[in-house]
Amino acid sequence: MTDGPTDSGTPGVPEHGKKKRAVVEPEPPARAMSIHAHPDDQEFTVGGTLAKWARAGTTIVTVCITRGTGGSNRFTPLDMTRAALGPIREAEQRNACRILGISDAWFLDYEDGMLEATIALRRDLTRLIRRFRPEAVVCGDPTVRYYGSTYLNHPDHRAAADAALDATFPSAGTRLIFPELLAEGLEPHEVRQVYIHGAERADTYVDIAGTMDVKLAALREHRSQMGEWDPKDFLVEWAREQGLRAGLEAAESYRRMVLEGP
Ligand SMILES: [Zn+2]
Numbered sequence: 000m001t002d003g004p005t006d007s008g009t010p011g012v013p014e015h016g017k018k019k020r021a022v023v024e025p026e027p028p029a030r031a032m033s034i035h036a037h038p039d040d041q042e043f044t045v046g047g048t049l050a051k052w053a054r055a056g057t058t059i060v061t062v063c064i065t066r067g068t069g070g071s072n073r074f075t076p077l078d079m080t081r082a083a084l085g086p087i088r089e090a091e092q093r094n095a096c097r098i099l100g101i102s103d104a105w106f107l108d109y110e111d112g113m114l115e116a117t118i119a120l121r122r123d124l125t126r127l128i129r130r131f132r133p134e135a136v137v138c139g140d141p142t143v144r145y146y147g148s149t150y151l152n153h154p155d156h157r158a159a160a161d162a163a164l165d166a167t168f169p170s171a172g173t174r175l176i177f178p179e180l181l182a183e184g185l186e187p188h189e190v191r192q193v194y195i196h197g198a199e200r201a202d203t204y205v206d207i208a209g210t211m212d213v214k215l216a217a218l219r220e221h222r223s224q225m226g227e228w229d230p231k232d233f234l235v236e237w238a239r240e241q242g243l244r245a246g247l248e249a250a251e252s253y254r255r256m257v258l259e260g261p
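For the sequence shown, numbering that gives the first Met the number 0 gives the first residue as 0, with consecutive numbering after it.
Next up, the structure:
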């Protein structure tokens, strides 16, 4: 288990002057599943971690719940349709996965902009978790409604994270939840770790200095969403902010859950 450097100490006693404790980065999991709402969510948030893990030998599966057919207000041409945009964004996501070192990407075809954490979605994610049997699931934080005072967390992000966590526990590991999956030959599977990005209480930091260039290259594959915008400065600054508490130059930060078996 990794503890955040400010989790220790006596309540009420100022921390300044105290040396920061080194944060131990967990070993990469053997198998990981990254679950997000839209093409590009993964690259913005956890691309550096996944690239690092892939290079260390982790088998990774990407699950994209929608095809991102809502597009972007800034860069989607006015004559673009949802039907035309879907295949473009799927191809961009597959290219991004290839750059990160992920060979497997699944698209669930839910509607962009209208995602809800339904039982049907929970069942679909449970099916994939049981099929691929990941040691770790990587997803967002469904409890965060606001980031700072400039970004309302996208409802699809909250719904995707909610469904991912509920599929991880208890659905994936409980035999008699979704018994129809047993009929498909999918036995229960217990996920051991959950890496939650965008969490307000991060406790785990992955050093991405060595994979920042890969993260950037993967993100740039989402051309239909970027236009002429170069995401480099934004990503570098964000990684710097996330690394501050851990004394790292560039990091992706998480709340990490280590789930105990029954
Ligand atoms: Zn998104």
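We put the beta carbon where it would ideally sit given N, CA and C, even for glycine.
The structure displayed is predicted, hence computed values, not measured ones.
By the C-beta density criterion, Val23 is exposed, having fewer than 16 other C-beta atoms within 10 angstroms. Rounded to the nearest whole angstrom, the CA to CA distance from Ala245 to Tyr204 is 7 Å.
Our two residues, Arg222 and Thr68, have alpha carbons roughly 14 Å apart in a direct line. Residue range Pro154 to Asp165 is occupied by the alpha helix (DSSP H) that includes Leu164. The beta carbons of Arg66 and Arg88 sit closer together than 7 Å.
In this structure Gly47 touches Ile207 by the C-beta definition: roughly 3 Å separates them, less than 8 Å. In the structure shown, the three-state DSSP call for Met79 is coil. Counting only the Cα atoms, Lys214 lies some 7 Å from Ala50. A direct Cα-Cα distance of roughly 7 Å separates Leu84 from Gly70.
Non-local C-beta neighbours of Gly226 in its own chain, meaning closer than 7 Å and more than five positions away in sequence, comprise Arg73 and Phe74, ordered along the chain. For Thr61 against Asp103, the beta-carbon gap comes to about 7 Å, under 8 Å, which counts as contact. Remark: the C-beta of Asp40 is in contact range of ligand 1, defined as less than 6 Å to any heavy atom. Straight-line spacing of the CA atoms in Glu199 and Glu183 works out to 38 Å. Here the C-alpha atom of Gly147 lies approximately 29 Å from the C-alpha atom of Ala166. An exposed status is given to Gly209, since fewer than 16 other beta-carbon atoms sit within 10 Å of its beta-carbon. Leu258 and Pro169 have their C-alpha atoms spaced approximately 11 Å apart.
At least one heavy atom of ligand 1 falls within 6 Å of the beta-carbon of His37.
For Asp111, the CB contacts under 6 Å within the same chain, skipping 5 residues up- and downstream, are Thr65, Gly67, Thr68 and Gly69 in chain order. The beta carbons of Ile101 and Ile59 sit closer together than 7 Å.
Nearest in C-alpha terms to Leu164, of all of Pro25, Pro27 and Ser33, is Ser33. Of Trp237, Met79, Asn152 and Pro38, the smallest CA-CA separation from Phe106 is found for Pro38.
The C-alpha of Ala217 lies about 20 Å from the C-alpha of Gln241. Cβ neighbours of Ala249 within its own chain (closer than 6 Å, five residues either side excluded): Ile207, Ala208, Met211, Ala238 and Gly242. Between Trp52 and Lys231, the alpha-carbon positions lie close to 21 Å from each other.
Ranking Cys63, Glu91 and Arg191 by CA distance to the CA of Ala159 puts Cys63 first.
Straight-line measurement puts the Cα of Ala31 at about 8 Å from the Cα of Arg132.
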